[in-house]
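Novice: The following block contains the structure, expressed as structure tokens.
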Amino acid sequence: MRIEAVNIGPFEIGHGKPLALLAGPCIIESSEHCLRIARTTADVCRRLGINYVFKCSFDKANRTSIDGFRGPGLKPGLETLARVKKEIGVPIVTDIHTESQAGPAGEVADILQIPAFLCRQTDLIVAAAKTGRVVNIKKGQFMSPEQMGQAVAKVRAAGNDRVLLTDRGTFFGYGRLVNDFTGIPIMQAFCAVVFDATHSCQVPGGQGHQSGGLRQYVPLLAKAAMAVGVDALFLEVHDRPDVAKSDSATVYPLDQVESLLATCLRIRESAGR
51 MRIEAVNIGP FEIGHGKPLA LLAGPCIIES SEHCLRIART TADVCRRLGI
101 NYVFKCSFDK ANRTSIDGFR GPGLKPGLET LARVKKEIGV PIVTDIHTES
151 QAGPAGEVAD ILQIPAFLCR QTDLIVAAAK TGRVVNIKKG QFMSPEQMGQ
201 AVAKVRAAGN DRVLLTDRGT FFGYGRLVND FTGIPIMQAF CAVVFDATHS
251 CQVPGGQGHQ SGGLRQYVPL LAKAAMAVGV DALFLEVHDR PDVAKSDSAT
301 VYPLDQVESL LATCLRIRES AGR
């Protein structure tokens, strides 16, 4: 059984709906940088007929090192995201790490994202749900697809039916992440599903002081997800990946996004999605 689509501002994500893309830098580096990335990506999506949500974080609390760059923080970060929303005219998704962030973030963002390591935190999920915004829960690397049904149930128990799940890989024995693509249709029995192709290529903590990654496999995983029938794609993108202040090993080059998305659309169409 497939659950009905979720409304995100001017469009819907779900079965039978056009492909959606959640994409942007991992973390806010500056307002102008966010605007540049959002404008370019929005133009690409407009040409291809893809529904676009700008993604960026105002704070990344789950850094490998105490010295890891975390971003500008809640108030200035939300000011940047509000500017992107107004000037580019696209919905916003950003992640929250504490219950106190839910209310302020929900005033700006259309989707509140629960990080994978926090997907069992009931109070955080409920706080996000009570804002009335869409709640996007990333599947914990330690969780089975079936177990994520309980996370979805927490959102609905709080009176909010607007929920997404995002697959971003599962821990394997030698520190790599692997993707079980049967998990996508399993989780689609609970709600619409997003596939995170960039975080799935992480090697967590692989550089000692920060996570490493295998960016060259992003297209492979994105295309596989299209064949399986995922509802939306998540990409972290950057105009200069190697100097990105977060996730530099996996953020996808902005100038290659259009080619990748065009290929994804062809696969999705040929698979009858």
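Heads up: the sequence shown is residues 51 to 323, going by this note's numbering. Virtual Cβ for every residue (Gly too), placed ideally from N, Cα, C.
For residue 159, collect the residues of the same chain with a Cβ closer than 7 Å to its Cβ; drop the 5 residues on either side in sequence, then sort them by chain order.
Specialist: Excluding positions up to five away in sequence, the list reads 131, 142, 143, 144 and 183.
Novice: Kindly indicate which three-state DSSP category residue 297 falls into: helix, strand or coil?
Specialist: Residue 297 falls in the coil class under three-state DSSP.
Novice: Would you decide whether residue 293 is buried or exposed? Buried here means 16 or more other CB atoms lie within 10 Å of its CB.
Specialist: Residue 293 is exposed by the Cβ-count criterion.
Novice: How is residue 80 classed by DSSP in three states: helix, strand or coil?
Specialist: Three-state result, residue 80: coil.
Novice: So, at 7 Å on beta carbons, what are the nonlocal neighbours of residue 165 in its own chain, with the 5 sequence-adjacent residues on each side left out?
Specialist: So the qualifying residues of the chain are 112, 145, 147 and 188.
Novice: With which residues is residue 92 paired in a DSSP beta bridge?
Specialist: For residue 92, which the question treats as bridged, DSSP gives no partner whatsoever.
Novice: Taking the C-alpha atoms as reference points, what is the distance between residue 258 and residue 102?
Specialist: Only weak support is given to the placement of residue 258: the predicted model assigns it a pLDDT of 46, under 50, and the value that follows is read from those uncertain coordinates. Roughly 34 Å between the two C-alpha positions.
Novice: Could you tell me which residues DSSP pairs with residue 61 in its beta bridges?
Specialist: Note: residue 61 sits in a beta bridge opposite 58.
Novice: Over the uninterrupted alpha helix (DSSP H) stretch that includes residue 200, give me the two end residues.
Specialist: First-last of the alpha helix (DSSP H) with residue 200: 198 to 207.
Novice: What do you reckon, are the CB atoms on residue 285 and residue 99 nearer than 9 Å?
Specialist: No.
Novice: So, under 8 Å CB-CB, residue 219 and residue 191 are touching, yes? Tell me the CB distance rounded to an integer number of Å.
Specialist: Correct: roughly 6 Å between the Cβ atoms.
Novice: Among 200, 123, 140 and 233, which one has its Cα closest to the Cα of residue 154?
Specialist: Of the listed residues, the one whose Cα sits closest to residue 154 is 123.
Novice: On the three-state DSSP scale, how would you describe residue 267?
Specialist: In this structure, residue 267 counts as helix in the three-state DSSP scheme.
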